[in-house]
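Working notes for the structure below.
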Amino acid sequence: MSEPMVASESVGCRPTNGSADAGPILQMLHITKQFPGVKALDDVTMTVQRGVIHAICGENGAGKSTLMKVLSGVWAHGTYEGDIIFDGQEMAFHSIRESEEVGIVIIHQELALIPELSVTENIFLGNEVTNHGVIDWEEARRRALDLMARVGLDIDPDTAIKNLGVGQQQLIEIAKALSKNVRLLILDEPTSALNEDDSANLLDILRGLRAKGLTCIMISHKLNEISAIADSITVIRDGKTVESIDVAREGADENRIIRAMVGRPMDSRFPDHQPHIGETFFEVKNWTVEHPQIPGRLVCKHSDFFVRKGEIVGFAGVMGAGRTELARSIFGRTYGIWRDGQIYLNGEPVTIPNVSSAINHGIAYVPEDRKMLGLNLLDTIADTIVSAGIKRISPRGVIDLHAERAAAEEYRKEMRIKAGNIEVVVSTLSGGNQQKVVLAKWMFTQPVLAILDEPTRGIDVGAKYEIYTLIANLADEGKGVIMISSELPELLGVCDRIYTVFEGRITGCVKASEATQESLMRQMTDTATTAPVA
Amino acid sequence: MKHVKELLGGNLRQYGMVLALILLIAFFQWQTGGKVLTPTNAQNILNGNSYVLVMAIGMLFVIITGQIDLAPGSVAAVVGICMAMALRGGETWYLIIGIPVGLVVGVACGVVIGRKLLKRGMGRIPSVVVGVVAGVVIGAAVAVLFSFLIHTFGIPWWGGVLIGLGVGGVIGAWQGAWLAFVGVPGFITTLAGQMLFRGLDQFIGKAESISVPEEIQFIGGGYLPEWGPNTGLNNSTVLLGILAAVVLVVMQVRRRARLAKTGSVMPPLWPLIVRLVVMVAVLGYLTFLFGSGRVNTSFPVTGCILVVIVLVYNFISNRTPLGRSVYAVGGNRAAAQLTGINTKKVYFLSMFNMSLLAAVAAIMFIGRSHSTGPSDGVGWELDAIAAVFIGGAAVSGGVGTVMGAIIGGLVMAVLNNGLQLMNVGSDMTQIIKGLVLLVAVAFDLYSKAQGKPSIIGSLMRGLHPRREMAGAPRAEELRPDLSARTAQRARDDAAGSASGATFVSTQVVDGPSASPDVAAGQDPPTSSGDDPDASTTER
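Same order as they appear, the protein sequences are chains A and B. Per the numbering used here, residue 1 is the first one in the first sequence, and the count goes up by one each step. Per the numbering used here, residue 1001 is the first one in the second sequence, and the count goes up by one each step.
Here's what the structure looks like:
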């Protein structure tokens, strides 16, 4: 058979083998990936046709990224079950390099460009244009210009990446993928860091590439984008394929996608909790914060919210919506540059310029990334528990070691931290127990308002239930709780009231009893339904 | 194993280091035919190394924060020359000292007064004006008074000491400010400081050698007085020894009493008694060793200063929120910040403290050598850094103890001394010291990679499961993969036997870590020690 050059030529791909031109470009059959104790993927099957944009949807933690890691060889052949058939041939990748060799290129959510290097250098990084082992810069520059033209960029190839905007950087990533003779381009949340113009531009570029025969897999949270661009959709939930939608035939019904994404039955995964809600004691008005590095970009835009005594308030939003930024800017301004807004505690305006002031005002913040931000992994359980409230056990500036032991012992029992004793180093604990230690550390400061950022991330179901119980107990003690979570069932199951956040704005506030996952998902993804903010 | 653990009170790491030191001393004692443990040699070791040990304590805190200080040698030189020149006096010295003192006091008073007035509700401008005026008046008065006093009476020896400490403090504030408030990394700040202050030393001292008065010489090389009946020993040393033994016993007994009062589970009594007997015996031996030297020698003054400083800093590191915050900043700076710790303050104070202790070291050293010289302090910082790392501090910060740094410093000191007594040339001595440092830190890094706290601790402790590799999913963090861990352990065992080190038992820490969720069923602090395998692997 002769080489079908036309389609490949136009996108600059290598000539296809031509063997299975008619069939799907990719089939992933019965993929099962097991981590110790957790089945991340359970018999996932997915088919991607040639020359289409195929969307993968699912909640955080549903298994989308794991699936893509299996496909791109991050998880080597043999560490999972099932088959990958690419272009009619069974594949057994052992590394990203091997998958790139056949033309599967993945662009991660966090861009992998080197800020100090030029566009040309980045595009050909690890894949340099050489002539007898010496880099041929002239040729490289020429090719870079050529590649950039294909993604609609017209910039000097010697520009350093750090001088480009995020949208342009995303396009450079695509150009880099094209330089590798890509045949299947995987984009993980490509628009999550982009503004609307850049997003629209990116989608246009993808449409153009599709027209020239390139196949794309796109992971996205943004349903409006998916319905705008995808030819087919696979929905994954809890590591299983739950829906495969052919858009041309069935249409992209957002409601159907949402239902598929969140549609697990609600059972007693949450403790029964009768809220006893008192008066408003914590209120934030017009809170506006600028990004610490990017001048002019606001991460919190005129946010207003309040918390009542004994109330558990949820903050829903996709990753990067600005929930953590909001929480941390309130917690002693530990994120971003404060621009405007006022905090009221018990009706009094207060200024909380640093963490120790926040602690003194009774605010606690349990960070989302416990290993990076919550714990000193070298410390023992006892050291950690008393660390934030160390003044409480240090009369006259000297730590009372007996009080320390007693306090740590008390919390170990109360929170059921599973460890031999309080001298165990926290790095040896399981995720759930580490999280309990971090919670204990903040409970020891006797807060009136506890801000919990993704408190159940990465911990198993049993430990989650215990954390929910602890949260309910906090509320019963009359404390206010703010819970940030990307898991909607969890928010609906635990919270009394839920704010939705989208791109730094609070887009809605609903009683948990009146909210559904669908309504929340719409408010936290769909820009059209929200009122524009001046 | 269980008995050993109880005997040592659970803190095996430090005993491991002590053990290494004792082995080293024993080796040299055997090789030199008993020349190491003679009173004169012991006194020499202390007198000749106390200043490095003092600096090692300062360096320890800097290293725990994850920084390093390359300047203290140069700082010590500047301190020494300033102190010596001030004490020597001269035509204009009353002005050189009087004016800066007046300046500092004036500025301080002005700021304090201005702030007070502002707080009391006086307007911004009037309080600034009053503050400035008050500062100028007070400063001028102090300057005149000081200059007059110095001109008339000269500077007493303790005035020289204060000047030395003051110079050290000012330099420390300078270094700390660059690190903490400007954000220049400590390595750069202090590399610059090393050149800057070395140059300043030469500029001020003009490569002169200036001798210091007897009182300063006493600080650096003196002995405690001889008094009372002739016991054959130095009575001051005996008194110190008895005092130390009493304090030790009282403290241990009180701790136990306190434990009983709070109703904790009581550890058995016999280990306490054995421990006390051993400690008192060691104290008795040291008393004899230091007290039985030539007439008019005793436990040296430098040793006394060192002991006081060790006790103070050991207390700070273990028992104060400030000490904890130093470890927190070094262990995880971002987490420390979110815990309410003022990380800038911690960085500032650690640098400030280093230079202050460098000043103390300078005074001790100059006292011992009776005069300053242009090469004072050259390379001291490296000895201090070596001591800290041999003593188990981690290169990446967050780990280290005062006792460890002292023992690390003593290892270096004994090595120096022993090799000297064996007539090994300074060339070989350098080579051996370099290798010891390299192996110690390499071992530390190796241990770190395994997630273990530090070097000699690994001799006594079990193995932690390996830290997570970047990019692995969260699910794996929950339950470390069993097979991976087994493989890891096998590799560790192989490495352990290859390097000749004995890993006492992989089970000690594995108990709670292997399956934290399951381990909770058994509830016991002793679970690790009970492990039947422990006794078989132990040697």
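For each residue, glycine too, the CB sits at the ideal point set by N, CA and C. Values in this document were obtained by computation on a predicted structure and should not be read as measured data.
Could you please give the first and the last residue of the uninterrupted alpha helix (DSSP H) stretch that includes residue 84 (chain A)? For this step, residue 84 (chain A) is matched to residue 84 along the first sequence. That residue, residue 84 (chain A), is in no alpha helix (DSSP H); its beta strand (DSSP E) goes 80-86.
Item to complete: Please name the residue or residues paired with residue 351 (chain A) in a DSSP beta bridge.
Response: Taking the first residue of the first sequence as position 1, residue 351 (chain A) is located at position 351. Answer is none; residue 351 (chain A) lacks a bridge partner.
Cβ distance (whole Å) where residue 1414 (chain B) is taken to contact residue 1149 (chain B) below 8 angstroms:
Walking along the second sequence from the start, residue 1414 (chain B) turns up at place 414. Walking along the second sequence from the start, residue 1149 (chain B) turns up at place 149. In fact, because the Cβ distance is near 46 angstroms, the residues do not count as touching under 8 angstroms.
### Three-state secondary structure (DSSP) of residue 1059 (chain B)
For the purposes of this step, residue 1059 (chain B) is taken as the residue at position 59 of the second sequence. Of the three classes helix, strand and coil, the one that applies to residue 1059 (chain B) here is helix, per DSSP.
Query raised in the report: Enumerated in chain order, which unbroken segments of the alpha helix (DSSP H) with a length of 4 residues or greater are wholly contained in the region 1072-1108 of chain B?
Result: 1072-1088
**Message:** Can you list, in chain order, the residues of its chain with a C-beta nearer than 7 angstroms to that of residue 247 (chain A)? Leave out the 5 residues immediately preceding and following it.
**Reply:** Mapped onto the first sequence, residue 247 (chain A) falls at position 247. Result list for residue 247 (chain A): 230, 231, 232, 233, in chain order.
*In the structure shown, what three-state DSSP assignment does residue 1532 (chain B) receive?*
Position 532 of the second sequence holds residue 1532 (chain B). Its pLDDT being 34, under 50, residue 1532 (chain B) is placed unreliably in this model, and the value from its coordinates should be taken loosely. Residue state, collapsed to three classes: helix.
Flag this pair as yes or no: are the beta carbons of residue 1106 (chain B) and residue 1057 (chain B) separated by less than 8 angstroms?
-> Translated into the one-based positions of the second sequence, residue 1106 (chain B) becomes position 106. Translated into the one-based positions of the second sequence, residue 1057 (chain B) becomes position 57. Result no, Cβ atoms of residue 1106 (chain B) and residue 1057 (chain B) do not sit closer than 8 angstroms.
Is DSSP giving residue 1512 (chain B) helix, strand or coil here?
Residue mapping note: residue 1512 (chain B) aligns to position 512 of the second sequence, counting from 1. Here residue 1512 (chain B) scores only 33 on pLDDT, less than 50, and its place in the model should not be relied on; the value that follows carries that caveat. If DSSP states are grouped into helix, strand and coil, residue 1512 (chain B) belongs with the helices.
(message) Just to confirm before moving on: does the CB-CB distance between residue 1352 (chain B) and residue 1176 (chain B) stay below 8 angstroms?
(response) In the second sequence, residue 1352 (chain B) corresponds to position 352, counting from 1. In the second sequence, residue 1176 (chain B) corresponds to position 176, counting from 1. A contact, by the Cβ cut-off of 8 angstroms.
Could you please give the first and the last residue of the uninterrupted alpha helix (DSSP H) stretch that includes residue 441 (chain A)?
Taking the first residue of the first sequence as position 1, residue 441 (chain A) is located at position 441. Unbroken alpha helix (DSSP H) run through residue 441 (chain A): 431-443.
- prompt: Which runs of the alpha helix (DSSP H) fall wholly inside the region 235-313 of chain A and span at least 4 residues, in chain order?
  reply: 247-250, 254-262
Backbone CA spacing between residue 509 (chain A) and residue 304 (chain A) [nearest angstrom] = Position 509 of the first sequence, counting from 1, holds the residue named residue 509 (chain A). Position 304 of the first sequence, counting from 1, holds the residue named residue 304 (chain A). Answer to the nearest angstrom: the Cα atoms are 10 angstroms apart.
Closer than 8 angstroms, Cβ to any Cβ of chain B: which residues of the region 374-386 of chain A, in chain order?
-> 374, 375, 376, 377, 378, 379, 383
*asked:* Comparing C-alpha positions only, which one of A:151, A:236, A:197 sits nearest to residue 210 (chain A)?
replied: Within the first sequence, numbered from 1, the residue matching residue 210 (chain A) stands at position 210. Comparing Cα positions, the closest option is A:151.
Proximity test, Cβ basis, 8 angstroms: residue 365 (chain A) and chain B: Here the question's residue 365 (chain A) lines up with position 365 in the first sequence. Interface residue, yes.
Min CB distance residue 1321 (chain B) to chain A below 8 angstroms:
Locating residue 1321 (chain B) in the second sequence gives position 321, counting from the first residue. Yes, its Cβ sits closer than 8 angstroms to a Cβ of chain A.
Report task. Assign residue 1509 (chain B) to one of two classes, buried (16 or more other C-beta atoms within 10 Å of its C-beta) or exposed (fewer than that). Result -> Residue 1509 (chain B) sits at position 509 when you count from the first residue of the second sequence. Reliability of the predicted coordinates at residue 1509 (chain B) is poor, the pLDDT of 33 falling under 50, and the value obtained from them is presented with this limitation in mind. Label assigned to residue 1509 (chain B): buried.
**Asked** Tell me the DSSP bridge mates of residue 57 (chain A)?
**Response** Indexing the first sequence from 1 puts residue 57 (chain A) at position 57. DSSP, once it has assigned bridges, lists A:235 as partnering residue 57 (chain A).
Ignoring anything shorter than 3 residues, give me the beta strand (DSSP E) runs that lie fully in the region 363-437 of chain A, in order along the chain.
363-366
**Report entry** Given 8 angstroms, three or more beta-carbon pairs between the region 1403-1417 of chain B and the region 1323-1333 of chain B
**Finding:** no
- Task: List the residues of chain A whose Cβ lies closer than 9 angstroms to the Cβ of residue 1265 (chain B), in chain order.
- Result: Working through the second sequence from its first residue, we reach residue 1265 (chain B) at position 265. None at all; the shortest Cβ gap to chain A is about 10 angstroms.
inquiry  = Using the Cβ count rule (16 or more neighbours within 10 Å means buried), how would you classify residue 1236 (chain B)?
reply    = Within the second sequence, the letter at position 236 stands for residue 1236 (chain B). Burial call: buried.
Q: Assign residue 1165 (chain B) to one of three DSSP states: helix, strand, or coil.
A: Here the question's residue 1165 (chain B) lines up with position 165 in the second sequence. If DSSP states are grouped into helix, strand and coil, residue 1165 (chain B) belongs with the helices.
- Query: Can you list, in chain order, the residues of its chain whose CB lies under 6 angstroms from that of residue 1040 (chain B), leaving out five sequence neighbours each side?
  - Reply: Position 40 of the second sequence, counting from 1, holds the residue named residue 1040 (chain B). Excluding sequence neighbours, residue 1040 (chain B) sits near 1293.
- prompt: Cα separation between residue 1282 (chain B) and residue 1275 (chain B)?
  reply: Here residue 1282 (chain B) is taken as the residue at index 282 of the second sequence, counted from 1. Here residue 1275 (chain B) is taken as the residue at index 275 of the second sequence, counted from 1. If you take the alpha carbons of residue 1282 (chain B) and residue 1275 (chain B), they lie about 11 angstroms apart.
Assign residue 69 (chain A) to one of three DSSP states: helix, strand, or coil.
-> By one-based count along the first sequence, residue 69 (chain A) stands at place 69. Residue 69 (chain A) falls in the helix class under three-state DSSP.
Note to self: If you reduce the DSSP assignment to three classes, tell me which class residue 329 (chain A) lands in.
What the structure shows: Start at 1 with the first residue of the first sequence, and residue 329 (chain A) comes out as number 329. DSSP places residue 329 (chain A) in helix when its eight states are reduced to three.
- If you draw a straight line from the alpha carbon of residue 1053 (chain B) to that of residue 348 (chain A), how long is it in whole angstroms? Locating residue 1053 (chain B) in the second sequence gives position 53, counting from the first residue. Locating residue 348 (chain A) in the first sequence gives position 348, counting from the first residue. Cα to Cα, residue 1053 (chain B) sits roughly 53 angstroms from residue 348 (chain A).
Fill in: Cβ-based burial, residue 221 (chain A) [other Cβ within 10 Å; buried from 16]
Along the first sequence, one-based indexing puts residue 221 (chain A) at 221. It counts as buried.
* To do: For residue 1248 (chain B), decide whether its Cβ has a neighbour in chain A, counting only Cβ atoms nearer than 8 angstroms.
  => Residue 1248 (chain B) sits at position 248 when you count from the first residue of the second sequence. No, no contact with chain A.
Short-range partners of chain A found in the region 1333-1360 of chain B, where Cβ spacing is below 9 angstroms: 1334, 1335, 1336, 1337, 1338, 1339, 1340, 1341, 1342
- Start-to-end residues for the alpha helix (DSSP H) that takes in residue 1201 (chain B): Taking the first residue of the second sequence as 1, we reach residue 1201 (chain B) at position 201. Here the alpha helix (DSSP H) through residue 1201 (chain B) covers 1186-1205.
Answer with buried or exposed for residue 1402 (chain B), where buried requires no fewer than 16 other C-beta atoms within 10 angstroms of its C-beta. In the second sequence, counting from the first residue as 1, residue 1402 (chain B) sits at position 402. Residue 1402 (chain B) comes out buried.
- Query: What first and last residue would you give for the beta strand (DSSP E) that runs through residue 344 (chain A)?
  - Reply: Translated into positions along the first sequence, residue 344 (chain A) becomes position 344. Per DSSP, residue 344 (chain A) belongs to the beta strand (DSSP E) from 337-345.
- With a cut-off of 8 angstroms on the beta carbons, I'd call residue 308 (chain A) and residue 331 (chain A) a contact; round off their distance for me. As a first step, residue 308 (chain A) is located in the first sequence; it is residue number 308 there, counting from the start. As a first step, residue 331 (chain A) is located in the first sequence; it is residue number 331 there, counting from the start. Incorrect: roughly 19 angstroms between the Cβ atoms, too far for contact.
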